[in-house]
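Notes follow the structure.
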Amino acid sequence: MAITEILGYTGALIIGIVLGLIGGGGSILTVPVFVYLMHINPITATAYSLFVVGVSALVGAIKKFRKGLVDIRTAIVFATPAFIAVYTTRKYMVPAIPDYLFNIRDFMVTKNIGIMIFFAIIMLLASISMIKEKNGVPLKGETKPKYNYPLIIFEGIVVGLLTGIVGAGGGFLIIPALVLLAKLPMKKAVATSLLIIAIKSLIGFVGDLENLDIEWSFLLPFTTISVIGIFIGMYISNFIGGKKLEKGFGWFVLAMGVYIIIKELM
């Protein structure tokens with residue numbers, strides 16, 4: 002086994018540990034691990050990422066559901082437009098993107114380069130969300146969710162499109178939407194977002210099954226290692242505050258995003 006493969010499987014464990022520690026964000030690393038360490042092309046990498054993200058989020062959602070923190074109705078309202086958008090994106094839009102997009106002087110921007118640059122931009126946005134102070138006032142009590150349906154549908158479609166293109170969970174977009182548009186308390190918003198991410202990611206992955214040859218002998222062990230990492234992260238979180246780590250991880254994601262942009266454009 003090559004050193005990069007060993008690092009790749011180590012990356013799977015780290016992704017899970019980060020998810021277990023801070024409840025999100027770790028999935029943003031799956032595509033870079035697949036592309037740069039496992040040498041998988043970006044289209045397949047984003048598909049594999051959907052599966053890893055979906056299974057990992059489902060494990061987290063089940064744990065949160067047992068604690069009574071998942072709002073099922075809100076998850077269905079938000080996830081429905083999101084999974085329709087992500088499925089449509091993976092099955093029809095991504096395969097329709099031409100292999101060569103455009104030229105900048107002598108530099109040819111290909112489909113793979115375009116996807117990685119777009120993914121890096123999403124990484125930068127996610128990192129800013131993790132780094133900045135969360136000054137929002139948490140909602141008190143068991144307030145009944147109030148739905149702004151037009152905005153929820155629009156947000157679901159946007160998140161679904163982004164997830165379909167880059168293969169990331171999009172929790173940094175979903176959680177604020179649940180707090181602002183569905184009036185959920187922060188703890189319930191975080192827990193409910195895991196179920197939404199699981200639903201849309203796994204359904205989006207189904208859209209890839211007809212277009213790609215899935216190497217299950219690789220994907221299942223990788224995902225298993227990531228899930229093991231989640232439980233390790235959850236255990237460590239009993240001793241270390243996840244919020245303290247989130248900002249540091251945000252700076253790491255920021256650096257990774259900048260690295261990807263430089264690597265793809267050089």
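Just so we're aligned: the sequence shown equals residues 2 to 267 in my numbering. Glycine included, C-beta positions come from ideal geometry on N, C-alpha and C. As the structure is a computational prediction, the values presented were derived from the model and not from experiment.
{"Check": "In whole angstroms, what separates the C-alpha of N42 from that of G171?", "Outcome": "21 Å"}
{"Check": "Under a three-way DSSP split, which group does N104 fall into?", "Outcome": "strand"}
{"Check": "Is it true that the segment 106-119 meets the segment 178-194, where meeting means three or more beta-carbon pairs spaced less than 8 Å apart?", "Outcome": "no"}
{"Check": "Which runs of the alpha helix (DSSP H) spanning at least 4 residues fall entirely within the segment 203-243, listed in chain order?", "Outcome": "217-237"}
{"Check": "For L20, which of I7, T90, S194 has the nearest alpha-carbon?", "Outcome": "S194"}
{"Check": "Between the segment 208-221 and the segment 2-16, do at least 3 Cβ pairs fall closer than 8 Å?", "Outcome": "no"}
{"Check": "Taking the alpha carbon of M39 as the point to measure from, which residue in F223, V60, V78 has its own alpha carbon closest?", "Outcome": "F223"}
{"Check": "Going straight from the alpha carbon of S128 to that of P177, what length do you get?", "Outcome": "15 Å"}
{"Check": "Out of I198, K189, I166, which one is the CA nearest neighbour of L174?", "Outcome": "I198"}
{"Check": "Going by DSSP in three states, V53 sits in which element: helix, strand or coil?", "Outcome": "helix"}
{"Check": "For V110, name the three-state secondary structure that DSSP assigns.", "Outcome": "strand"}
{"Check": "Helix, strand or coil: which one does DSSP assign to I98?", "Outcome": "coil"}
{"Check": "Suppose the cutoff is 7 Å on Cβ atoms and the five residues either side in sequence are ignored; what does the same chain contact list for S202 look like?", "Outcome": "L51, V54, G55, A58, T164, G170"}
{"Check": "Please confirm whether I226 and A13 have their CB atoms less than 8 Å apart.", "Outcome": "yes"}
{"Check": "Taking only three categories from DSSP, how would you classify F71?", "Outcome": "Strictly speaking, residue 71 in this sequence is Val, with Phe absent from that position. DSSP places V71 in coil when its eight states are reduced to three."}
{"Check": "Which same chain residues, not among the five before or five after I44, have their C-beta less than 8 Å away from its C-beta?", "Outcome": "V95, K112, N113, I116, L213"}
{"Check": "G161 and T90 - do their beta-carbons sit closer together than 8 Å?", "Outcome": "yes"}
{"Check": "Tell me the rounded alpha-carbon separation between I16 and A83.", "Outcome": "23 Å"}
{"Check": "Between which two residues does the alpha helix (DSSP H) containing Y150 stretch?", "Outcome": "150-167"}
{"Check": "Shortest alpha-carbon distance to I118 belongs to which of I166, I153, V228?", "Outcome": "I166"}
{"Check": "Report the CB separation of I132 from W252 in whole angstroms; it is logged as a contact under 8 Å.", "Outcome": "6 Å"}
{"Check": "Quick check on DSSP: helix, strand or coil for I200?", "Outcome": "helix"}
{"Check": "What three-state label does DSSP hand A178 in the structure shown?", "Outcome": "helix"}
{"Check": "Can you give me the C-alpha to C-alpha distance between V36 and E247, rounded to a whole angstrom?", "Outcome": "24 Å"}
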